[in-house]
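Going letter by letter, the sequence shown gives residues -11 to 365 in our numbering.
Where a beta carbon is used, it is the ideal one built from N, C-alpha and C, also for glycine.
Structure first, commentary second.
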Amino acid sequence: MTQDAAIPPHLYSVPPGPEPSPLQPAQQRIRTAWTADELMATEFPEPRWAVPGIISEGVNLLAGPPKVGKSWLSLGLALAVAAGGQAMDSIPVDGGPVLYLALEDTPRRLQTRMRKLLDSNRAPGTLTLATSCPPLPQGGGEAIAQWVERHTDARMIVIDVFAKMRGPSTPGASAYDADYAAVGHAKRLADHYGIAVVLVHHVRKAASDDFLTEVSGTNGLAGAADATLVLKRSRGQADGVLHVTGRDVDEAEYALRFHAGAGAWQLLEGPAGDHTVGTTRASILRYVRANPGSKPKDIARGLADADPGTVRRTCARMAADGQLTKDSGGRYFASPEDRNAAASDVSQVSQRPAQSADQQQTELETGLSHQAEGQRP
């Protein structure tokens, strides 16, 4: 394949003449079928994590509304993984080459952002940045593949934004099929090289209780991706919440804080719910989580300078908002599971066989008899 003038030269190592796509020969060597006993006897390596617990090998769709800070987050992750530091200021990551395609940025803007993120730290030579690349089905896939071939220990590829790389849809294809096929181009790269590919994308304007349905486009995008991450702004103490789900990733929510001066996202400790509510609600939630089954008066006593009336009203509002759950006895729990567990304990106690009056009288007489014997001189 000849080099196109619009393609960044540093993504290529161009041979003297045409050669087959680097994906083709190796794809033929990948095994795709087993008998059941062969499959069960095969030992597969654990997934390679770019960011442990959050970004694994495969296609990771990172979506969020415009100006929420997706590019700051993805560039910060790229720098951390390339340098082998701490992602989001808290998650240790193994260092290795990273390719960052900043397709909506200029070199000057990238430099400005990196100065903020790096502060006094040195820029890693293991991070390759490019501001232009053809769509994946029109040469972009081969360009990325050749970069990975030259960096065999590469750990992550970031495409910001995916819309610039997806390419035209096949004529006559449904919207779902077109979205699925678009992600498929990136998935072939990710699966072939066992590397994490992050596709930065947008969400719809309409909010939803299910964060997966907020991803712009059809369900084909999230369906083809190995993991979906949605960055949303929060109205509480956190600046954002990162919702994560996927095939190799446990579904979870992470509270994040954005430090505008440094351009950096910081992962906050504890459950996201503790950081997405007001200060009073967060204190109540932490207390109830540690002391399931507490009543408002107990909570007020356990919190410093807490007004019992305020605690009672706040607990009622939190129950109405689904942040707490309440049983018939007026006790509060952090989750329905905690409430059900407490109810099960009470039920087991109540199911103990009752003693008859004759049994109770016999036990009383026996106890008095033993007591009398113990008092004899």
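For residue i and residue j, what's the separation of their Cα atoms in angstroms?
i       : j      : result
His263  : Leu256 : 8 Å
Asp(-8) : Gln126 : With a pLDDT of only 47 at Asp(-8), under the threshold of 50, the placement of this residue in the model should not be trusted; the figure read from the coordinates follows. In a straight line, the C-alpha of Asp(-8) is about 11 Å away from that of Gln126.
Thr268  : Ala307 : 14 Å
Glu34   : Asp236 : 10 Å
Ile27   : Phe150 : The residue asked about is misnamed: residue 27 is Leu in this sequence, not Ile. In a straight line, the C-alpha of Leu27 is about 35 Å away from that of Phe150.
Asp326  : Gly211 : 33 Å
Leu49   : Gly318 : 43 Å
Ala280  : Thr206 : One point to set straight first is that residue 280 is Pro, not Ala, in the sequence displayed. Roughly 41 Å separates the two Cα atoms.
Asp167  : Gly266 : 39 Å
Asp77   : Gln254 : 6 Å
Arg19   : Ala243 : 40 Å
Ala131  : Asp25  : 39 Å
Asn328  : Arg274 : 19 Å
Arg36   : Ala71  : 17 Å
Leu373  : Gly64  : The structure shown does not extend to residue 373, since the chain spans only -11 to 365, so no value can be given for it.
Arg245  : Pro296 : 31 Å
Asp220  : Ala29  : Note that residue 220 is Lys in the sequence shown here, rather than Asp. If you take the alpha carbons of Lys220 and Ala29, they lie about 42 Å apart.
Ala294  : Asp141 : 55 Å
Gly310  : Thr23  : 48 Å
Phe32   : Glu45  : 14 Å
Gly83   : Thr100 : 23 Å
Would a C-beta distance cut-off of 8 Å place residue i and residue j closer than the cut-off?
i      : j      : result
Val69  : Val39  : yes
Ala66  : Val146 : yes
Leu282 : Val186 : The sequence shown places Ser at residue 282, rather than the Leu named in the question. Cβ distance not < 8 Å, so Ser282 and Val186 don't count as in contact.
Ala161 : Ala174 : no
Gly366 : Val81  : With the chain running from -11 to 365 in the structure shown, residue 366 is simply not present.
Leu91  : Thr119 : yes
Glu241 : Ala260 : yes
In chain order, what residues of the same chain lie with their CB nearer than 6 Å to the CB of residue i, ignoring the 5 residues before and after it?
i      : result
Val299 : Pro284, Ile287 and Ala288
His139 : Pro85
Pro4   : Note that Pro4 scores 37 on pLDDT, short of 50, meaning its location in the model is unreliable; the coordinates nonetheless yield the value given after this. Same-chain partners within the cutoff: there are none.
Gly234 : Asp214 and Ala215
Pro365 : Any reading at Pro365 needs caution, since the residue's pLDDT is 46, under 50, leaving its predicted position unreliable; the model's value is listed next. Result list for Pro365: empty, nothing under 6 Å.
Going by CA-CA distance only, name the one from the options that's closest to residue i.
i      : options                           : result
Ala215 : Glu239, Arg154, Pro54 and Tyr164  : Glu239
Met102 : Ser59, Met153, Ile272 and Trp22   : Ser59
Gly155 : Pro259, Ala142, Met144 and Gly172 : Gly172
Gly258 : Ala270, Leu106, Trp135 and Gly84  : Ala270
Ala133 : Lys104, Tyr88 and His180          : His180
Gly113 : Glu130, Tyr88 and Leu49           : Tyr88
Gly41  : Asn279, Val232 and Phe321         : Val232
Val276 : Phe321, Ala292, Lys314 and Lys220 : Phe321
Ala250 : Gly72, Ile43 and Asn109           : Asn109
Ala248 : Ala329, Leu105, Pro95 and Gly83   : Leu105
Asp93  : Phe246, Thr20, Ile43 and Cys121   : Cys121
Pro85  : Ala131, Thr100, Glu137 and Asp107 : Glu137
Leu124 : Thr140, His139, Asp148 and Ala142 : Asp148
Leu209 : His139, Tyr164 and Asp141         : Tyr164
Val188 : Ile43, Phe32 and Thr23            : Ile43
Residues in its own chain within less than 8 Å of residue i by CB, not counting five upstream and five downstream?
i      : result
Ser316 : none
Gln74  : Ala68, Pro80 and Val81
Thr158 : Asp165, Ala166 and Ala169
Leu291 : Ser271, Ile272, Tyr275 and Val299
Ala331 : Asp315
Considering only residues of the same chain and omitting the five flanking positions on each side of residue i, which have a CB-CB separation below 7 Å?
i       : result
Val191  : Ala51, Gly52, Pro53, Glu202, Val203, Ser204 and Val218
Pro324  : Thr313
Ile272  : Ile287, Val299, Thr302, Cys303 and Met306
Ala111  : Met102
Asp107  : Ala250
Arg96   : none
Ala21   : none
Pro(-4) : Note that Pro(-4) has pLDDT 49, beneath the 50 cutoff, so the model's placement of it is unreliable and no number is given.
Ala278  : none
Just to confirm, does residue i get its C-beta within under 7 Å of one of the non-hydrogen atoms of the ligand MN?
i      : result
Gly297 : With respect to the ligand MN, the structure offers nothing, as it holds no ligand at all.
Give me the Cβ distance between residue i and residue j, rounded to the nearest whole Å; I'm assuming they're in contact under 8 Å.
i      : j      : result
Ile183 : Met144 : 7 Å
Val129 : Leu177 : Going by the sequence as given, residue 129 is Gly instead of Val. Gly129 to Leu177, Cβ: 6 Å. Contact.
Kindly indicate if chain B contains any beta-carbon less than 8 Å away from that of residue i.
i      : result
Ala260 : Considering every chain present, this structure includes no chain B. It has just one protein chain.
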